[in-house]
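Residue numbers (the numbering used here): -9 to 210.
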Amino acid sequence: MPSETPFIVAIDGPAASGKGTLARRLAERFGLAHLDTGKLYRATGCAVLDAGGDPADPAGAAGAARRVDLAGLGDARLRGEAVGRAASVVAAIPAVREALLERQRAFARHPPQPATGAVLDGRDIGTVVCPDAAVKLFVTASAETRAERRAKELRDSGAAAIYEAVLQDMKERDARDSERRVAPLSVAPDAVTLDTTLLDADQVFEQASELIARALAARR
Ligand code: CDP
């Protein structure tokens, strides 16, 4: 008999590593729901900025995190660089992480119908949010490769982007995400690392698909 527990794929990795695109494609291929958990932190950071607040203020940021509406995560404004910076500042506040943790676990426990499982991508999915995930992937690439991708993304969306500035920003964000006290970016001991510095998006997708197909077959 098929298992009743939702099938969870946890994907973690640093900024612009390609984990978001990979998560979306995998969810589609395997009929799983998808939650980009970075959007929850981005929505929190954005709400604080909109209210004229300071993202480093714990009380204001925690209040904003509790009010985040999952239905509003498609807002294009959430993709901006200033919002990304604010997101990584609010993400270091324990009360913010606590407020968002249960929302993420609820999504994993009860993925929106008709999905019988979910792909969650972020920084701490395999380590904190879903430590029992069936498949854990850590998607990474060199800071230079990630900065090039992010600069191209920005230019494609019509924004001005200077590679050196994007690289500097990327390194600062990596440091903030890896060095924070709560749920820092780290590789779960049972995660498979996919380095996308030399692999293109399709190769990463095929490797990840194979791992998931194998895990699904093992459940049957
Ligand atoms: O798209 P990008 O990789 O630039 O960032 P994101 O995934 O949208 O996440 C924005 C910020 O939220 C990150 O820099 C992290 O500080 C934070 N975040 C987190 O702490 N934990 C997660 N599970 C997801 C994001």
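In this text, a Cβ means the ideal position worked out from N, Cα and C, and glycines have one as well. Please read these numbers as outputs of a predicted model, since none were measured by experiment.
Contact between Pro4 and Asp164 holds, with the beta-carbon distance rounding to 5 Å and staying under 8 Å.
Inter-segment contact for the region 118 to 125 and the region 93 to 110 is present: three or more beta-carbon pairs are separated by less than 8 Å. Taking non-hydrogen atoms of ligand 1 into account, the C-beta of Ala5 is found less than 6 Å away from one of them. DSSP places Gly3 outside any beta strand (DSSP E), giving it a letter other than H or E. A direct Cα-Cα distance of roughly 12 Å separates Glu200 from Ala208.
Looking at the DSSP output, Val109 shares a beta bridge with Val(-1), His24.
Judged by the Cβ position, Tyr31 qualifies as a neighbour of ligand 1 at the 6 Å threshold, a heavy atom of the ligand being closer than this. Leu68 places its beta carbon less than 7 Å from that of Arg32. The straight-line gap separating the alpha-carbon atoms of Glu134 and Asp65 is approximately 28 Å. Here the C-alpha atom of Val38 lies approximately 24 Å from the C-alpha atom of Ser147.
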